[in-house]
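Worksheet: the structure to be examined is printed underneath.
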Amino acid sequence: MITGEQKPIDEIREMIAPYKRILVLGCASCVAECAAGGEKETAMLASTLRIAAKMKGEDVLIEEKTLDRQCVRDFVILLDDIIEKYDAVLSLGCGAGVQAVAEMFTEVPIIPAINTEFLGETRDQGYWLESCLGCGDCMLHHFGGICPVARCSKQLFNGPCGGAMDGRCEINPDVECAWHLIVDRLTKFGALDRLENIYPPKDWSKKQGGGPRKIVREDQQK
Ligand code: SF4
Ligand code: SF4
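Numbered by our numbering, the letters in the sequence shown go through residues 521 to 742 in order.
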């Protein structure tokens with residue numbers, strides 16, 4: 521999923537200051553899972569903004585709505601009937617959601633309330649870990665399901681650097697050494713010999729060398 525964290529309230533207040541009728545727009549997908557922009561967080565942010573406006577004697581309308589997915593046009597279109605009521609949308613979607621709404625409703629400013637961060641997994645309650653950089657050429661099968669692109673601080677593909685200590689990365693003892701994990705995992709299923717292969721430098725053109733990437737699948741089109 522895509523993770524993010526809400527921006528500081530003062531920054532949000534500053535961004536919405538020019539507007540009088542604001543729709544606070546949540547997204548019930550990834551940003552709900554990471555407790556940043558789902559229905560609950562959207563209601564809480566809208567309420568906080570209403571209280572702050574009231575305390576400052578500001579005359580603003582702040583309402584809220586949460587879409588199932590802000591990055592899918594079939595859901596964004598549901599704003600069609602209500603968007604005219606507002607002079608700005610404060611989006612708690614990820615960067616893709618914000619842009620999807622902006623693309624469909626070009627007359628209304630769309631303001632991001634979230635700092636979009638990384639592709640990751642929920643490790644525990646309140647703990648999300650980056651695990652994929654979307655490199656466009658997945659290599660996880662070589663490395664026991666642990667990604668050296670996202671999880672080795674130096675993005676090494678041919679074994680660890682010399683800095684690991686007790687399974688921790690030299691950049692920070694809070695960070696697990698990805699290569700320690702890879703060796704452990706491959707040892708468990710008897711595949712350590714995979715590391716005798718020499719992995720060439722990665723072809724980064726599959727990441728973003730050609731501008732924004734797209735996937736077009738005719739079998740999925742109407
Ligand atoms: S190899 Fe690439 S696609 Fe696979 S998990 Fe790592 S960054 Fe993501
Ligand atoms: S200590 Fe491990 S994770 Fe950190 S840079 Fe070296 S090999 Fe990569």
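The beta carbon of each residue, even a glycine, is placed where N, CA and C say it ideally should be.
Note that the structure is predicted; figures quoted are calculated from it, not measured.
From the DSSP output, in three-state form, read off residue i for me.
i: E553; result: helix
i: L543; result: strand
i: S722; result: First, the residue type needs correcting, since residue 722 is Lys and not Ser in the sequence shown. DSSP places K722 in coil when its eight states are reduced to three.
i: I536; result: helix
i: Q675; result: coil
i: E627; result: coil
i: A684; result: coil
i: I702; result: helix
i: Q741; result: coil
i: M564; result: helix
i: F709; result: coil
i: P666; result: Strictly speaking, residue 666 in this sequence is Ile, with Pro absent from that position. Note: I666 maps to coil in three-state DSSP.
i: K727; result: coil
i: K576; result: coil
i: D530; result: helix
i: A622; result: helix
Name, in chain order, the residues that DSSP records as bridge partners for residue i.
i: Q590; result: For Q590, which the question treats as bridged, DSSP gives no partner whatsoever.
i: E641; result: L649
i: N692; result: C689
i: P632; result: S611
i: I735; result: I735 pairs with nothing; no bridge assigned.
i: G524; result: T636
i: I582; result: I542
Any Cβ of chain C within less than 8 angstroms of the Cβ of residue i?
i: L612; result: Chain labels in this structure do not include chain C; a single protein chain is all it has.
Assuming residue i and residue j are in contact, meaning their beta carbons sit under 8 angstroms apart, how far apart are those beta carbons, in whole angstroms?
i: E584; j: G546; result: 7 angstroms
i: C655; j: K734; result: Contact doesn't hold; Cβ gap of about 16 angstroms is too wide.
i: D607; j: R541; result: 5 angstroms
i: G687; j: C697; result: 6 angstroms
i: I631; j: V609; result: 7 angstroms
i: S744; j: G640; result: Outside the modelled stretch of the chain, which goes from 521 to 742, sits residue 744, for which no answer is possible.
i: L612; j: E561; result: 6 angstroms
i: G551; j: A566; result: Sequence inspection shows Val at residue 551; the Gly mentioned does not correspond to that position. In fact, because the Cβ distance is near 15 angstroms, the residues do not count as touching under 8 angstroms.
Using a Cβ-based criterion (distance less than 7 angstroms to any ligand heavy atom), does residue i qualify as near ligand 4?
i: C658; result: Ligand 4 is not part of this structure, which contains only ligand 1 and ligand 2.
Identify every run of the beta strand (DSSP E) within the stretch 594-619, keeping only runs that are complete inside it and at least 3 residues long; order them along the chain.
-> The qualifying runs are 608-611.
Name all residues in chain order for which at least one heavy atom of ligand 2 lies closer than 5 angstroms to the residue's CB.
-> Ordered along the chain, the selected set is C672, S673, K674, P680, C681, G683, A684, C689, E690, C697, A698, W699.
In chain order, what residues have a CB nearer than 6 angstroms to some heavy atom of ligand 1?
-> In chain order, the hits are C652, L653, G654, C655, C658, M659, L660, C667, V669, A670.
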